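Asker: Questions regarding the structure given below will be posed in turn.
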Amino acid sequence: MEDCIFCKIVKGEIPCEKIYEDDMVLSFKDINPGAPVHVLVIPKKHISSLNEVNEENSKVIAHIFVTAKEIVKKLGVDETGYRIVSNCGEDGGQTVPHIHFHILGGRSLQWPPG
Ligand code: 5GP
Ligand code: ZN
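Here it is, written out as structure tokens:
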């Protein structure tokens with residue numbers, strides 16, 4: 001995906017504040033944090049949104065959640081609590097069409113979101 005911002009981050013063409021990386025996923029700080037802890041976890045391979053998840057690519061999605069468990073420990077919010085969100089499509093508020101999971105924490109989060 002030539003024009004995808006997150007594919008460019010994966011390739012190192014756009015810098016990021018890296019939190020975690022392995023062969024399948026990358027995690028980095030959100031550039032416009034909505035909470036004291038706000039990081040994104042993305043698959044390195046482009047998947048556009050939750051709508052594109054299927055049996056074939058679901059291994060990386062499962063891996064993202066295993067990874068997230070370690071990331072929240074590293075960021076110190078595993079005990080205080082956190083939220084993992086993936087916005088999908090226009091009504092969901094998705095602005096970057098490369099699937100990503102927001103990890104938010106470090107303060108009491110409102111529910112339901114606006
Ligand atoms: P969405 O709105 O699609 O759910 O989430 C996209 C997120 O990506 C937003 O929270 C936005 O701040 C973040 N973002 C957009 N561009 C960049 C970037 O170039 N670097 C980083 N670190 N985050 C970005
Ligand atoms: Zn992409």
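Heads up: the sequence shown begins at 1 in full-length UniProt numbering, then just goes up one per residue. For every residue, glycine included, the Cβ atom is placed at its ideal position computed from N, Cα and C. Quick caveat: nothing in here was measured; it's all calculated off a predicted structure.
1) If you measure from the CB of F6, is any heavy atom of ligand 2 nearer than 6 Å?
2) Do C88 and L26 come within 7 Å of each other at the CB atom, strictly closer than that value?
3) Which term fits P112, buried or exposed, when burial requires 16 or more other beta carbons within 10 angstroms of its beta carbon?
4) Is I31 near ligand 1 - that is, is its Cβ less than 6 Å away from at least one heavy atom of it?
5) Whole alpha helix (DSSP H) runs in the UniProt domain "HIT" (5-114) with 4 or more residues, listed along the chain?
6) Would you check whether ligand 2 has a heavy atom nearer than 6 Å to the C-beta of M1?
7) Between T95, G81, E90, which has its C-alpha nearest L109's C-alpha?
8) Is the distance from the Cβ of I61 to the Cβ of I84 below 7 Å?
9) Could you give the distance in angstroms between the alpha-carbon of G76 and the alpha-carbon of G106?
Answerer: Result, derived from the coordinates:
1) As a working note, residue 6 is residue 6 in the sequence shown. F6 Cβ: within cutoff of ligand 2.
2) Position 26 of the sequence shown, counted from the first residue, corresponds to residue 26. Position 88 of the sequence shown, counted from the first residue, corresponds to residue 88. No; because the gap between Cβ atoms is not below 7 Å, this pair is not in contact.
3) As a position in the sequence shown, residue 112 is number 112, starting the count at 1. Exposed, by the Cβ-count rule.
4) Your numbering for residue 31 matches position 31 in the sequence shown. A distance criterion of 6 Å places the beta-carbon of I31 in contact range of ligand 1, judged by its closest non-hydrogen atom.
5) Here the runs fully enclosed are 5-11, 58-74, 89-92.
6) Taking the sequence shown and counting its residues from 1, the one referred to as residue 1 is at position 1. In terms of side-chain proximity, the C-beta atom of M1 is found nearer than 6 Å to a non-hydrogen atom of ligand 2.
7) Within the sequence shown, numbered from 1, the residue matching residue 109 stands at position 109. Checked all of T95, G81, E90; the closest Cα to L109 is G81.
8) As a first step, residue 61 is located in the sequence shown; it is residue number 61 there, counting from the start. As a first step, residue 84 is located in the sequence shown; it is residue number 84 there, counting from the start. Not in contact: I61 and I84 (Cβ atoms no closer than 7 Å).
9) Residue numbering aside, residue 76 sits at position 76 when the sequence shown is read from its first letter. Residue numbering aside, residue 106 sits at position 106 when the sequence shown is read from its first letter. So the alpha carbons of these two residues sit roughly 8 Å apart.
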